[in-house]
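Report on one structure; see the data block that follows.
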Amino acid sequence: MHYRKIGNKGDEISILGFGSMRLPIKGSNFEIDEEKASKMLIYAIENGVNYIDTAYFYHSGDEKYDFGGFSEIFIGNFISGKYGFPENLPEKTPESFRENIFIATKLPIYLIESKDDALKIFNTQLKKLKTDYIDFYLLHDVKRSSWKTVLDYDLISFLKELKKEGKINYIGFSFHDDFELFKEVIDSFDWDFCQIQYNYVDTKYQAGEAGLNYAHSKEIPVFIMEPLKGGRLSGEPFPEIRDLMEKSENKRSPTEWGLRFLWDNPKVTMLLSGMSEPEHVFENVKIAKEDKKLNLEEIKIMKEIQKIYDNKNMIGCTDCKYCMPCAAGVDIPKNIKFVEEFDLYGLVAGVLWSYKREIKKNIAGSNCIDCGHCLDKCPQEIDIPYIMKRSEEIFES
Ligand code: SF4
Ligand code: SF4
355 MHYRKIGNKG
365 DEISILGFGS
375 MRLPIKGSNF
385 EIDEEKASKM
395 LIYAIENGVN
405 YIDTAYFYHS
415 GDEKYDFGGF
425 SEIFIGNFIS
435 GKYGFPENLP
445 EKTPESFREN
455 IFIATKLPIY
465 LIESKDDALK
475 IFNTQLKKLK
485 TDYIDFYLLH
495 DVKRSSWKTV
505 LDYDLISFLK
515 ELKKEGKINY
525 IGFSFHDDFE
535 LFKEVIDSFD
545 WDFCQIQYNY
555 VDTKYQAGEA
565 GLNYAHSKEI
575 PVFIMEPLKG
585 GRLSGEPFPE
595 IRDLMEKSEN
605 KRSPTEWGLR
615 FLWDNPKVTM
625 LLSGMSEPEH
635 VFENVKIAKE
645 DKKLNLEEIK
655 IMKEIQKIYD
665 NKNMIGCTDC
675 KYCMPCAAGV
685 DIPKNIKFVE
695 EFDLYGLVAG
705 VLWSYKREIK
715 KNIAGSNCID
725 CGHCLDKCPQ
735 EIDIPYIMKR
745 SEEIFES
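Everything in the sequence shown is counted per the working numbering, starting at 355 for the first residue and increasing by one.
Below you can see the structure in the form of structure tokens.
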């Protein structure tokens with residue numbers, strides 16, 4: 355595993371971080387398949403991953419719980435040794451486990467209506483994670499509306515206080531808005547790190563490459579989320595892209611092209627992959643341990659691939675599920691996926707067949723009642739009701 359330095363206390367984090375937003379589940383999103391997920395995490399840690407990222411509401415169900423979601427609870431149990439200890443720990447104890455793993459979680463800004471709320475949520479997170487400190491603590495999903503809340507309740511002073519008390523070690527934020535706001539946020543505080551969406555398709559999206567360069571120029575480490583665009587860049591590529599990838603003398607999987615693009619850039623400190631199958635962990639870990647940078651010919655190929663995507667006009671859903679649940683029962687990301695496939699391939703038999711198999715009547719876009727509740731929750735600012743209408747027109751009529 356490769357590591358990159360962070361801060362001035364000698365900490366080094368693995369270039370691959372384990373995102374726990376898409377852990378394997380048994381049925382509903384709050385029923386984490388603990389046995390499978392813990393094996394995946396242990397494998398990752400035994401192979402050098404030392405950073406686990408979670409958030410207050412990851413793996414929440416349709417019901418609203420006053421403690422958020424189940425991801426933090428699972429991670430708390432995991433680092434306490436409930437599922438066993440990785441072989442490479444100096445000692446097989448919860449203390450040793452905690453000391454050797456960096457835990458990141460996030461403050462859900464949208465739930466904050468007072469400074470007391472922030473403290474209440476933070477204390478709940480400590481309990482869920484069975485720890486008395488968080489290594490990396492982020493303001494979750496900073497965008498124009500949430501940034502106003504941060505300023506209104508002076509949440510930065512709140513974070514500074516937590517750091518002073520030794521309850522958090524590094525202060526950061528995860529970001530989903532344009533470069534202009536990103537610059538404003540970066541300039542407003544001496545951040546320890548920041549987290550942006552970035553991959554070879556999204557270089558001009560949200561903070562994008564300009565944001566990466568700006569944060570780096572201020573010596574703020576940048577962590578990457580959605581490195582493979584919610585798994586979109588790791589599946590079977592479009593034929594013209596596959597042909598380009600095959601031109602390279604090195605046989606690289608689509609995942610490797612995506613991850614290499616990021617790791618080859620020294621301005622990227624770490625990337626988070628939301629792994630939901632053991633195969634994802636095996637492949638990502640293998641690539642992270644290798645040192646096979648893209649060569650000059652491959653960098654040219656990558657530019658060609660990016661041009662093709664630029665012309666494709668994708669909707670941009672990353673399957674984060676922040677928009678869910680929908681009051682009318684619509685499975686929003688699944689419907690978007692099929693509209694996107696229609697835009698790319700047309701109503702070919704394969705697309706129609708998969709739609710019929712995966713989209714049952716009760717979750718179809720045609721159920722959308724245009725209530726608009728999902729709109730503000732989508733970090734990608736997708737016009738969801740409009741896309742649901744399109745899904746109905748394409749697949750139901
Ligand atoms: S606008 Fe449509 S898709 Fe969005 S929450 Fe309302 S019913 Fe669901
Ligand atoms: S529509 Fe937006 S909020 Fe919903 S899954 Fe896609 S990107 Fe996430």
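We put the beta carbon where it would ideally sit given N, CA and C, even for glycine.
- Here the region 666-679 makes contact with the region 733-744; the two share three or more CB pairs at distances below 8 Å.
- Within the same chain, and ignoring the five residues on either side of Leu480 in sequence, the residues whose Cβ sits closer than 7 Å to its Cβ are Asp486.
- In this structure, the beta-carbon distance from Lys621 to Leu566 falls below 9 Å.
- In this chain, the alpha helix (DSSP H) harbouring Phe476 covers Lys469 to Lys482.
- The Cβ atoms of Asn404 and Ile455 sit closer than 9 Å to each other.
- Neighbourhood of ligand 1, defined by CB distance below 6 Å to any of its heavy atoms: Cys680, Ala681, Ala682, Val684, Ile686, Cys722, Ile723, Asp724, Cys725, Gly726, His727, Cys728, Ile738, Pro739 and Met742, in chain order.
- Ligand 2 has no heavy atom closer than 8 Å to the beta-carbon of Asp556.
- In the three-state reduction of the DSSP assignment, Lys657 falls in the helix class, which pools H, G and I.
- Between the beta-carbon of Ile457 and that of Ile429 there is about 7 Å, and that keeps the pair under the 8 Å contact cut.
- Ranked by Cα distance from Leu613, the first of Phe592, Asp597 and Arg586 is Arg586.
- Taken from the Cβ of Pro581, every heavy atom of ligand 2 lies 8 Å or farther away.
- Counting along the chain, the unbroken beta strand (DSSP E) around His494 starts and ends at Ile488 to Val496.
- Here Tyr740 is exposed: its Cβ has fewer than 16 other Cβ atoms, across all protein chains shown, within 10 Å.
- Note on Glu534: under 16 other CB atoms within 10 angstroms of its CB, so exposed under the neighbour-count rule.
- For Met678, the Cβ falls inside the 8 Å cut-off from some heavy atom of ligand 2.
- Distance between Ile525 and Val576, taken at the CA atoms: about 12 Å.
- Arg596 has its alpha-carbon roughly 19 Å from the corresponding atom of Val705.
- Secondary structure at Ala718: coil, using DSSP grouped into helix, strand and coil.
- Here Lys601 is exposed. Its C-beta has fewer than 16 other C-beta atoms within 10 Å.
- If you ignore the 5 residues before and after Pro591, its C-beta comes within less than 7 Å of the C-beta of Met599 and Pro608, all in its own chain and listed in chain order.
- Counting along the chain, Asn431 sits inside the alpha helix (DSSP H) bounded by residues Ser425 to Ile433.
- Residues of the same chain with a CB within less than 7 Å of the CB of Leu465, apart from the 5 flanking positions on each side, are Asp471 and Ile475 in chain order.
- Secondary structure in the region 555-635: the alpha helix (DSSP H) runs of 4 residues or longer, each lying completely within the stretch, are 562-571, 593-600 and 608-617 in chain order.
- Take Thr503, set aside five residues on each side of it, and the residues of its chain with a beta-carbon closer than 7 Å to its own are Ile463 and Ile466, in chain order.
- Here Met629 is actually not in contact with Arg358; their C-beta atoms are around 20 Å apart, not less than 8 Å.
- Within a 10 Å sphere around the beta-carbon of Leu492 sit 16 or more other beta-carbons, which makes this residue buried.
- Set against 8 Å, the gap from the CB of Gln549 to the closest heavy atom of ligand 2 is not smaller.
- In this structure, Asp531 lies near Trp501, with their beta-carbon atoms less than 9 Å apart.
- Beta bridge pairing from DSSP links Pro462 with His494.
- In the three-state reduction of the DSSP assignment, Lys710 falls in the helix class, which pools H, G and I.
- Here Glu441 has Glu400 as same chain residues with Cβ atoms under 7 Å from its own Cβ, once five neighbours each way along the sequence are excluded.
- Residue pairing by DSSP places Leu377 opposite no residue, since no beta bridge is assigned to it.
- Using a Cβ distance threshold of 9 Å, Gly719 and Glu746 count as a contacting pair.
- Inter-residue distance for Lys605 and Gly371 is about 24 Å (C-alpha atoms, whole angstroms).
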